[in-house]
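Student: Sequence lines, in order, name chains A and B. With the first sequence counted from 1, adding 13 to any position gets you this note's numbering. With the second sequence counted from 1, adding 11 to any position gets you this note's numbering. I have a structure I would like to understand better, so I am pasting it below and will then ask my questions one at a time.
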Amino acid sequence: MSLLELRDVTRTVIPPDQPALTILNGVDLTVEPGDRISIVGRSGSGKSTLLNLLGLLDMPTSGLLTFDERPVKSYSGAARDRVRGAQIGFVFQQFNLLPGRTALENVAMPLLYAEGRAFWRRKRLAAEMLEEVGLGNRMDSMPDRLSGGEQQRVAIARSLVRGPRLILADEPTGALDLDTGSSVMQLIDDVATRTGAALVTITHDPAIASRARDHFRLDRGVLTRVDEVELATASEALS
Amino acid sequence: MRRAFTSLVGAVIEAWQELRVHRTRVLLSLIGVAVAVCSLTTVVALGGIVQQANEELSERQSGRPASLYVSAYSNDGAPVDSSTMDATWSETLARYDIDFGSRVMQTTQAVPFTTGVVQVQTQAVDQPYGEMHRVRLSEGAWFGPDDEDQLAPTLVVNQIFWERLGSPDLRTHPTVELGAQGGMPGTTAVIVGVYPVASYETEPAMFMLVDHLAAMKAASSTVTVEDPYAGSTQYEMWVPPAISEQLMEIVKRDFSSALATPGGGTGGIQVDVYRQDYAQYGDDPFLVTKLVVGGIAVLVLLLGALGLVNIALVTVKQRVREIGIRRSFGATAGRVFFAVMMESVVATIAAGAVGVIAAILIVQNPFTMDLVGQGLVSDFPPFPAEAALLGLLAATVVGALAGLLPALVAVRVKVIDAIRY
Numbered sequence: 014m015s016l017l018e019l020r021d022v023t024r025t026v027i028p029p030d031q032p033a034l035t036i037l038n039g040v041d042l043t044v045e046p047g048d049r050i051s052i053v054g055r056s057g058s059g060k061s062t063l064l065n066l067l068g069l070l071d072m073p074t075s076g077l078l079t080f081d082e083r084p085v086k087s088y089s090g091a092a093r094d095r096v097r098g099a100q101i102g103f104v105f106q107q108f109n110l111l112p113g114r115t116a117l118e119n120v121a122m123p124l125l126y127a128e129g130r131a132f133w134r135r136k137r138l139a140a141e142m143l144e145e146v147g148l149g150n151r152m153d154s155m156p157d158r159l160s161g162g163e164q165q166r167v168a169i170a171r172s173l174v175r176g177p178r179l180i181l182a183d184e185p186t187g188a189l190d191l192d193t194g195s196s197v198m199q200l201i202d203d204v205a206t207r208t209g210a211a212l213v214t215i216t217h218d219p220a221i222a223s224r225a226r227d228h229f230r231l232d233r234g235v236l237t238r239v240d241e242v243e244l245a246t247a248s249e250a251l252s
Numbered sequence: 012m013r014r015a016f017t018s019l020v021g022a023v024i025e026a027w028q029e030l031r032v033h034r035t036r037v038l039l040s041l042i043g044v045a046v047a048v049c050s051l052t053t054v055v056a057l058g059g060i061v062q063q064a065n066e067e068l069s070e071r072q073s074g075r076p077a078s079l080y081v082s083a084y085s086n087d088g089a090p091v092d093s094s095t096m097d098a099t100w101s102e103t104l105a106r107y108d109i110d111f112g113s114r115v116m117q118t119t120q121a122v123p124f125t126t127g128v129v130q131v132q133t134q135a136v137d138q139p140y141g142e143m144h145r146v147r148l149s150e151g152a153w154f155g156p157d158d159e160d161q162l163a164p165t166l167v168v169n170q171i172f173w174e175r176l177g178s179p180d181l182r183t184h185p186t187v188e189l190g191a192q193g194g195m196p197g198t199t200a201v202i203v204g205v206y207p208v209a210s211y212e213t214e215p216a217m218f219m220l221v222d223h224l225a226a227m228k229a230a231s232s233t234v235t236v237e238d239p240y241a242g243s244t245q246y247e248m249w250v251p252p253a254i255s256e257q258l259m260e261i262v263k264r265d266f267s268s269a270l271a272t273p274g275g276g277t278g279g280i281q282v283d284v285y286r287q288d289y290a291q292y293g294d295d296p297f298l299v300t301k302l303v304v305g306g307i308a309v310l311v312l313l314l315g316a317l318g319l320v321n322i323a324l325v326t327v328k329q330r331v332r333e334i335g336i337r338r339s340f341g342a343t344a345g346r347v348f349f350a351v352m353m354e355s356v357v358a359t360i361a362a363g364a365v366g367v368i369a370a371i372l373i374v375q376n377p378f379t380m381d382l383v384g385q386g387l388v389s390d391f392p393p394f395p396a397e398a399a400l401l402g403l404l405a406a407t408v409v410g411a412l413a414g415l416l417p418a419l420v421a422v423r424v425k426v427i428d429a430i431r432y
């Protein structure tokens, strides 16, 4: 049973006073629980648009997008937001921690949109998640007091605190040095493996991309499956 | 239901965190709102006091709403029998259970001061007059219900009168001789009260009871002969405005009937019953004052709101990334809208409360009361609850309006663009 599926998905935008622009063209992608997928592509190749669709932040112009084998079009806007909050976790390149909030408050933030026990026990759950990523001693630290690696760990804890079934990592190591990036990716891998979540990583970095089991290249809106050798070639071309 | 509750609590927590994190900016922006609400509430409350002062001034001059005046005159100019008028007046008050009725006579009385004898303007009234015309006293007391039975007339004199006597302590029951002229002894009267004077008054004046004046007239001819007002009596009653129209008809009928000649005609005597208080025309005489005060208040509030909207819009622009992050973690558009609105409303209600408290402190202190009341207000109104409620309501509305635009901007944020922004 697929977690997320795109079938012949096209996304077109119409810039003012210009002809329609096709950003994504005939994209097919199936994400199963526990999958490890990497997507590489140049700037302007449509990675952001694809991330919007995978994260249920946007709707395709044509084609089929399903989550849990249910067409996303059948969800209301609010229901889509709730599914995203409960089932999808984002890890961003720039960490995107909320300034002025402690690490604990940042991790607890997604639980403000949860219901029931998860909402009322959010501080305890957030603390447990921070312990899990090795930041149990930095809970009350503000983001600007944390190193880049620590900030990304907080961001990972935040993305996983609601136990998502799909993790979308957008250049997760782009702002980190090589060693830190490697340890952060190892952490994401470990947590995803332990929770059984699928991990889709969008990256320029061939080393990061090679950690995945399935590799794709996005070029001018067309998504193509590539093998390890093609991935290395694609990565070289990108760099 | 459970979802709605957690959403509400979550939105309040978000709003509170936001206010806490940006407290300096919030405080600065809210100073404007607090000042605006304080101004609004103060202006409304002071407007109430000014209106009360105007009302009291009007009531002192022409009585409280509804004050009915009864007058009778003959078409041929012959005097109307005052004893019949007095008797009819007493019957009317008793018949319709009217507690506040007073005869009013203008006269003068010769009073010897150390500087010589002065003809003092005197108003002879009945005991309820003090309540009917809000007579304020600076010393002593107004006539009591039993004063009519006193053998010596009692007087309530003005400040000038009292000071010319050397400001005697009223507890010593100071007396003056009324009508002592040409070596003839007068009537000893006891001063029981002193009323303050307006700045334009320069001469002594006094109140005495009509019955005492009548007794003095009966005992000796002390009423100044050349006094043009001597003997002309006004009859005044204070009744509920709701029944005043009906009562005017009835009283007129009763007086006409009582003054009619034995043959059944009125004998050429005309009876008039009319209202003379400030509210006689039904229109709100303070409408202009209220409109001016209200206009100023709204203007002040609008300026405060504009400042808040301005800051809120700039703030939301700076928070695009944060809103995008929240959306990516499951915040619905409605939740973002509500949270941004909530921030504005929670903050402005807090600012409104501070503004209202400041307004109460400003309005209810003795300095302001003296300044605004100008010595004209005896019943200083308590801080008007409607002004406080209006202030809080205005703060809430301003918060909602000021939050509306930023909230609309917030829900239109494109999530991934905002995050990569």
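All residues carry an ideal CB built from backbone N, CA and C; glycine is no exception.
To the nearest angstrom, how far is the alpha carbon of A:Leu212 from that of A:Ala116?
Tutor: Each residue's alpha carbon lies about 23 Å from the other.
Student: Please confirm whether B:Gly21 has its beta-carbon closer than 8 Å to some beta-carbon of chain A.
Tutor: Answer yes: the Cβ-Cβ gap between B:Gly21 and chain A drops below 8 Å somewhere.
Student: Below 7 Å on C-beta distance, what does A:Pro123 contact in chain B?
Tutor: Within chain B, the residues near A:Pro123 are Phe340, Gly341.
Student: Closer than 7 Å by C-beta to A:Asn38: which residues in its own chain qualify, once you throw out the five before and the five after it? Chain order, please.
Tutor: Around A:Asn38: Thr23, Gly234, Val235.
Student: When the distance is taken between beta carbons, is A:Leu110 closer than 8 Å to A:Pro156?
Tutor: For A:Pro156 and A:Leu110, yes; Cβs fall inside 8 Å.
Student: With three or more C-beta pairs closer than 8 Å as the rule, is the region 118 to 134 of chain B touching the region 250 to 260 of chain B?
Tutor: Flag = no, the region 250 to 260 of chain B and the region 118 to 134 of chain B do not touch.
Student: In whole angstroms, what separates the C-alpha of B:Val46 from that of B:Val357?
Tutor: For B:Val46 and B:Val357, the distance between alpha carbons rounds to 16 Å.
Student: Put A:Arg226 into one of helix, strand or coil per three-state DSSP.
Tutor: A:Arg226 falls in the coil class under three-state DSSP.
Student: Using only alpha-carbon positions, find the residue among B:Asn169, B:Val146, B:Val203, B:Ile171 that is nearest to B:Ala163.
Tutor: Looking at the Cα atoms, B:Val203 is the closest of the given residues.
Student: Assign B:Thr126 to buried or exposed, taking buried as 16 or more other Cβ atoms, counted over all protein chains shown, within 10 Å of its Cβ.
Tutor: Burial call: exposed.
Student: Report the neighbours of B:Glu333 on chain A: residues whose CB is nearer than 9 Å to its CB, in chain order.
Tutor: Going along chain A in sequence order, the residues near B:Glu333 (Cβ under 9 Å) are Asn109, Leu111, Pro112.
Student: With respect to the beta strand (DSSP E) encompassing A:Ser51, which residues constitute its N-terminal and C-terminal limits?
Tutor: Where A:Ser51 is concerned, the enclosing beta strand (DSSP E) stretches over 49 to 54.
Student: Run the proximity test for B:Arg264: is its beta-carbon closer than 7 Å to any non-hydrogen atom belonging to the ligand MG?
Tutor: This structure simply doesn't include the ligand MG, nor any ligand for that matter.
Student: Hey, how far is the Cα of B:Val81 from the Cα of B:Ala362?
Tutor: Taking the straight line from one Cα to the other gives about 55 Å.
Student: Flag A:Thr186 as yes if its beta-carbon sits less than 8 Å from any beta-carbon of chain B, otherwise no.
Tutor: No, no contact with chain B.
Student: For chain B, check one thing: does any of its Cβ atoms lie closer than 8 Å to the Cβ of A:Gly57?
Tutor: It does not: the Cβ of A:Gly57 has no partner Cβ on chain B nearer than 8 Å.
Student: Please list the residues of the region 56 to 68 of chain B that have a C-beta atom closer than 7 Å to any C-beta atom in chain A, keeping them in chain order.
Tutor: From the region 56 to 68 of chain B, no residue has a Cβ closer than 7 Å to chain A.
Student: Is there a Cβ from chain B that is less than 8 Å from the Cβ of A:Phe105?
Tutor: Yes, A:Phe105 counts as interfacial toward chain B.
Student: Provide the residue(s) that pair with B:Phe124 in DSSP beta bridges, ordered along the chain.
Tutor: B:Gly127, per the DSSP bridge assignment.
Student: Closest to B:Arg286 by C-alpha separation, out of B:Leu38, B:Val409, B:Lys263, would be which residue?
Tutor: Comparing Cα-Cα distances from B:Arg286 to each of B:Leu38, B:Val409, B:Lys263, the minimum goes to B:Lys263.
Student: Mind checking A:Ile169: buried by the 16 CB within 10 Å criterion, or exposed?
Tutor: The residue in question, A:Ile169, is buried, as its Cβ has 16 or more Cβ neighbours within 10 Å.
Student: Look at B:Thr300 and B:Gln138 and say whether their C-beta atoms are less than 8 Å apart.
Tutor: Not closer than 8 Å, so no.
Student: Along the chain, which unbroken stretches of the alpha helix (DSSP H) at least 4 residues long are found entirely within the region 56 to 89 of chain A?
Tutor: If we require 4 residues or more, the alpha helix (DSSP H) runs fully inside the region 56 to 89 of chain A come out as 60 to 67.
Student: For chain B, check one thing: does any of its Cβ atoms lie closer than 8 Å to the Cβ of A:Gly161?
Tutor: With 8 Å as the cut-off, A:Gly161 does not count as an interface residue toward chain B.
Student: If you reduce the DSSP assignment to three classes, tell me which class B:Tyr240 lands in.
Tutor: At B:Tyr240 the pLDDT is 42, less than 50, meaning the model places this residue with poor confidence; the figure from the coordinates comes in the next sentence. Note: B:Tyr240 maps to coil in three-state DSSP.
Student: In or out: B:Ala89 buried (at least 16 other Cβ within 10 Å) or exposed?
Tutor: Exposed: under 16 other Cβ atoms inside 10 Å.
Student: I want to verify the contact list: residues of chain A whose CB lies under 9 Å from the CB of B:Arg147, in sequence order.
Tutor: What B:Arg147 touches in chain A: nothing, since even the nearest Cβ is about 59 Å away.
Student: Please report the distance separating the alpha-carbon of B:Val23 from that of B:Gln291.
Tutor: If you take the alpha carbons of B:Val23 and B:Gln291, they lie about 53 Å apart.
Student: Pop quiz: B:Gln170 and B:Ser149 are said to be a contact at Cβ under 8 Å. What is the actual Cβ separation, rounded to whole angstroms?
Tutor: So it is a contact: roughly 6 Å between Cβ atoms.
Student: Answer with buried or exposed for B:Pro239, where buried requires no fewer than 16 other C-beta atoms within 10 angstroms of its C-beta.
Tutor: Interpretation of B:Pro239 is limited by its pLDDT of 43, a score under 50 that renders its predicted location unreliable; the figure taken from the coordinates is listed afterwards. By the neighbour-count rule (16 or more Cβ atoms within 10 Å), B:Pro239 is not buried but exposed.
Student: Quick check on A:Glu184: does DSSP put it in helix, strand or coil?
Tutor: Here A:Glu184 sits in coil by DSSP.
Student: Residues of the region 126 to 160 of chain A in Cβ contact with chain B at a cutoff of 9 Å, in chain order, please.
Tutor: Going along the region 126 to 160 of chain A in chain order, one finds Tyr126, Ala127, Glu128, Gly129, Phe132, Trp133 with a Cβ nearer than 9 Å to chain B.
Student: Can you list, in chain order, the residues of its chain with a C-beta nearer than 6 Å to that of B:Leu436? Leave out the 5 residues immediately preceding and following it.
Tutor: Outside the displayed span of chain B (12 to 432) sits residue 436 of chain B, for which this structure offers no information.
Student: Check whether the Cβ of B:Glu25 lies closer than 8 Å to any Cβ atom in chain A.
Tutor: True, the Cβ-Cβ gap to chain A drops below 8 Å.
Student: Do A:Ile221 and A:Thr186 come within 8 Å of each other at the CB atom, strictly closer than that value?
Tutor: Contact flag set, yes.
Student: Please list, in chain order, all residues of the same chain as B:Val250 whose beta carbon is under 7 Å from its beta carbon, the five residues on each side excluded.
Tutor: Ala77, Leu79, Ile109, Leu258.
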